[in-house]
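Undergrad: For what it's worth, my numbering labels the leading residue of the sequence shown as 7, then goes sequentially.
Below is the structure I would like to discuss, written out as structure tokens.
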Amino acid sequence: MEHRHLTPNEFDLLVDGEEGFGVAPLRAHVEQCEACRSELEAQQRLVNSLETLPHFSPSPLFAYRVMRDVQVFEPWHVAAVNSVQRYVPRTRPARVLAAGLAGIAATTLTAGTLWLAGRLDAVAFVASVAAGRMRGVGVEAVNGFVSATLGPTGFATGSTGVAVAATGFLAAAAVAAFGLRALAAVSRRRRM
Numbered sequence: 007m008e009h010r011h012l013t014p015n016e017f018d019l020l021v022d023g024e025e026g027f028g029v030a031p032l033r034a035h036v037e038q039c040e041a042c043r044s045e046l047e048a049q050q051r052l053v054n055s056l057e058t059l060p061h062f063s064p065s066p067l068f069a070y071r072v073m074r075d076v077q078v079f080e081p082w083h084v085a086a087v088n089s090v091q092r093y094v095p096r097t098r099p100a101r102v103l104a105a106g107l108a109g110i111a112a113t114t115l116t117a118g119t120l121w122l123a124g125r126l127d128a129v130a131f132v133a134s135v136a137a138g139r140m141r142g143v144g145v146e147a148v149n150g151f152v153s154a155t156l157g158p159t160g161f162a163t164g165s166t167g168v169a170v171a172a173t174g175f176l177a178a179a180a181v182a183a184f185g186l187r188a189l190a191a192v193s194r195r196r197r198m
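This is the structure in structure tokens:
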């Protein structure tokens, strides 16, 4: 034992007053080693001063305040089950009714999907007609806005059209940036 100093665990054994066959060599080393003896005395003084401190209990809201700031990880499947359980009825008759309604809805959606899958050409035709009409309405709305704002030939001039487009883009980008910033601020307030 004389070739090395005691480890923190060995100091703990001596400070705690442990007994056993391994403690006697540690005590013999402390009697011979000045550095270990001074370290042991310092640790004993520390333990004695800690024991003289008054005992107190934390406030009743201490655990709430600590846990409020702790980020608890909840796996996605647990969150999904908890979300679904809020909507599951408590009584057996209500569960049977909800299961029946869910079965009817699933059957109706499946039948409708199969019917539409058998008529994909009609679905594609209706979708293309609807998309064309939506595009036409959008183009007419933009043309009407530009004509009302700049006059009937306002967009025809090159530099004015580019300036209007650039201004519109910058305005849309600014609105989007401020909107995202406001959403982030609201989200931070809700977490606190």
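Just so you know, even glycine gets a beta-carbon here, dropped at the ideal spot from N, CA and C.
Where does G28 fall in DSSP's three states?
TA: In this structure, G28 counts as coil in the three-state DSSP scheme.
Undergrad: Report yes or no: do three or more beta-carbon pairs, one from the segment 32 to 47 and one from the segment 62 to 70, lie closer than 8 Å?
TA: They do not touch, by the three-pair rule.
Undergrad: Provide the residue span of the alpha helix (DSSP H) that contains C42, from first to last.
TA: Where C42 is concerned, the enclosing alpha helix (DSSP H) stretches over 40 to 58.
Undergrad: DSSP three-state call for S63: helix, strand or coil?
TA: Coil.
Undergrad: Classify H11 as helix, strand or coil using the three-state DSSP reduction.
TA: H11 falls in the coil class under three-state DSSP.
Undergrad: Return the CA-CA distance between T58 and E45, expressed in angstroms with no decimal places.
TA: So the alpha carbons of these two residues sit roughly 20 Å apart.
Undergrad: Does the beta-carbon of L122 have 16 or more other beta-carbons within 10 angstroms, so that it is buried, or is it exposed?
TA: Answer is exposed; the Cβ neighbour count stays below 16.
Undergrad: Classify E25 as buried or exposed, calling it buried when 16 or more other Cβ atoms lie within 10 Å of its own Cβ.
TA: Looking at its Cβ environment, which holds fewer than 16 other Cβ atoms inside 10 Å, E25 is exposed.
Undergrad: Using the Cβ count rule (16 or more neighbours within 10 Å means buried), how would you classify E16?
TA: E16 is buried by the Cβ-count criterion.
Undergrad: May I have the straight-line CA-CA distance separating L56 from V21, to the nearest angstrom?
TA: Cα to Cα, L56 sits roughly 13 Å from V21.
Undergrad: Enumerated in chain order, which unbroken segments of the alpha helix (DSSP H) with a length of 4 residues or greater are wholly contained in the segment 69 to 101?
TA: Fully enclosed alpha helix (DSSP H) runs of 4 or longer: 82 to 93.
Undergrad: Could you check what DSSP says for R125 in three-state terms: helix, strand or coil?
TA: The answer is coil: DSSP assigns R125 none of H, G, I, E or B.
Undergrad: What does the alpha-carbon distance come out to for the pair A137 and A147?
TA: If I take the Cα positions, the gap works out to 15 Å.
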